[in-house]
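Q:
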Amino acid sequence: MKGWLEFTYKTKKGLETTMTSDELVMEEAVLFAEDLQRTGRVKEVVFLDDRDSYWTVKEMHKYLQEVETEPHNITVYFDGNFDRDQKRAGIGLAVYYEKNGKRFRTRKNLLMDHLETNNEAEYAALYAGVEELVKLEVRHMPVRFAGDSQVVINQLSGEWPCLEEKLHRWADKIEAELKQHGVTPEFHLLDRKNNQEADQLASQALKNISISSSLELN
Numbered sequence: 060m061k062g063w064l065e066f067t068y069k070t071k072k073g074l075e076t077t078m079t080s081d082e083l084v085m086e087e088a089v090l091f092a093e094d095l096q097r098t099g100r101v102k103e104v105v106f107l108d109d110r111d112s113y114w115t116v117k118e119m120h121k122y123l124q125e126v127e128t129e130p131h132n133i134t135v136y137f138d139g140n141f142d143r144d145q146k147r148a149g150i151g152l153a154v155y156y157e158k159n160g161k162r163f164r165t166r167k168n169l170l171m172d173h174l175e176t177n178n179e180a181e182y183a184a185l186y187a188g189v190e191e192l193v194k195l196e197v198r199h200m201p202v203r204f205a206g207d208s209q210v211v212i213n214q215l216s217g218e219w220p221c222l223e224e225k226l227h228r229w230a231d232k233i234e235a236e237l238k239q240h241g242v243t244p245e246f247h248l249l250d251r252k253n254n255q256e257a258d259q260l261a262s263q264a265l266k267n268i269s270i271s272s273s274l275e276l277n
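Numbering (my numbering) for the sequence shown: 60 to 277.
(1) Report the option in Glu-125, Ser-80, Gly-99, Met-119 whose CA atom is closest to the CA atom of Thr-12.
(2) Taking its Cβ as the centre, do 16 or more other Cβ atoms sit within 10 Å of Gly-62, making it buried, or is it exposed?
(3) Could you check the C-alpha separation between Gln-259 and Gly-151 for me, to the nearest Å?
(4) Can you tell me whether DSSP reads Leu-265 as helix, strand or coil?
(5) My assumption, with CB atoms under 8 Å, is that Val-210 sits in contact with Glu-181. Please give the rounded CB distance.
(6) Which complete beta strand (DSSP E) runs does the segment 65-149 hold, if anything under 3 residues is left out?
(7) Is Tyr-128 buried or exposed, if buried means 16 or more other CB atoms sit within 10 Å of its CB?
(8) Name, in chain order, the residues that DSSP records as bridge partners for Tyr-156.
(9) With DSSP as the reference, label Gly-241 as helix, strand or coil.
(10) In angstroms with no decimal places, state the Cα-to-Cα distance between Met-78 and Val-126.
(11) According to the neighbour-count rule (16 or more other Cβ atoms, all chains shown, within 10 Å of its Cβ), is Ile-212 buried or exposed?
(12) Thinking C-beta only, is Ile-268 closer than 7 Å to Val-202?
(13) Determine the DSSP secondary structure at Asn-168, reduced to helix, strand or coil.
(14) With DSSP as the reference, label Gly-217 as helix, strand or coil.
(15) Please list the terminal residues of the continuous beta strand (DSSP E) segment that includes Leu-195.
(16) Tell me which residue opens and which closes the beta strand (DSSP E) that Arg-203 is part of.
(17) Do you know offhand how far Ser-208's Cα is from Glu-87's?
(18) What would DSSP say about Leu-248, mapped onto helix, strand or coil?
(19) So, does the segment 137-150 touch the segment 169-188, judging by three or more C-beta pairs under 8 Å?
(20) If I follow the unbroken beta strand (DSSP E) through Leu-274, where does it start and stop?
(21) Using 10 angstroms around the beta-carbon of Gly-241, count the other beta-carbons present and answer buried if the total reaches 16, otherwise exposed.
(22) Quick test of the definition: if touching needs 3 or more C-beta pairs under 8 Å, does the segment 133-143 touch the segment 153-161?
(23) So, Gly-139 versus Ala-261, is the Cβ gap smaller than 7 Å?
Okay, structure coming up:
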């Protein structure tokens with residue numbers, strides 16, 4: 060979760076001013092808030108998150124303790140490949156997350172035969188990533204979605220309009236699932252070379268190589 064610290068600082072001569080920090084993730088905000096409080100010159104330290112909600116330092120501590128036992132710091136890499144000759148699509152996704160102080164990765168792919176374009180395959184891959192979050196019971200959490208499809212990333216982030224009916228239906232399904240589970244998406248456009256893991260999974264699906272694995276990372 061990202062946001063800003065707001066606090067009132069008091070000088071030795073008794074002058075007071077209200078200040079706002081640069082954008083921070085909550086873990087960083089807690090450290091800064093505690094350090095500021097140790098100076099003895101600040102009061103009313105609060106954290107304003109990106110949903111315009113205020114948190115006290117105590118509330119931030121409690122939230123981070125609860126989050127530690129749930130999947131968090133989540134990134135979903137996705138990619139879709141479409142074979143025009145065979146009218147088949149391969150989709151691939153890799154989900155990285157932390158839980159109980161450990162880091163995990165889930166990798167999956169799927170062969171689909173009812174899609175019609177590469178853009179639709181990309182949307183299907185992202186939707187599969189969202190479904191994987193549901194299986195992991197991710198709730199009320201920011202999630203980073205990363206892919207190399209300009210169409211999907213720019214349409215879902217609101218940079219481009221979504222005019223094609225089929226793509227619009229995929230976008231609606233994705234946004235509905237995210238809203239239902241309280242997931243706040245952050246969409247990031249990658250170069251293809253930085254999305255090789257998901258791309259390889261999608262390519263393997265087109266070769267009828269099925270992948271489904273979950274493991275703890277060292």
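C-beta: ideal position from N, C-alpha, C; glycine also.
A: Answer, in terms of the structure:
(1) Nothing can be reported for residue 12: it is not among the residues displayed for the chain, which extend from 60 to 277.
(2) Classification of Gly-62: buried, given that the 10 Å Cβ count is 16 or more.
(3) Their backbone Cα atoms lie some 7 Å apart in a straight line.
(4) Here DSSP, grouped into helix, strand and coil, assigns Leu-265 to helix.
(5) 7 Å
(6) 75-79, 101-108, 113-115, 131-142
(7) According to the sequence displayed, residue 128 carries Thr and not Tyr. Classification for Thr-128: exposed.
(8) Phe-163
(9) coil
(10) C-alpha separation (whole angstroms): 28 Å.
(11) buried
(12) no
(13) strand
(14) coil
(15) Here Leu-195 belongs to no beta strand (DSSP E), and DSSP marks it neither H nor E.
(16) 201-206
(17) Those two C-alpha atoms are separated by around 31 Å.
(18) strand
(19) yes
(20) Per DSSP, the unbroken beta strand (DSSP E) holding Leu-274 starts and ends at 271-276.
(21) exposed
(22) yes
(23) yes
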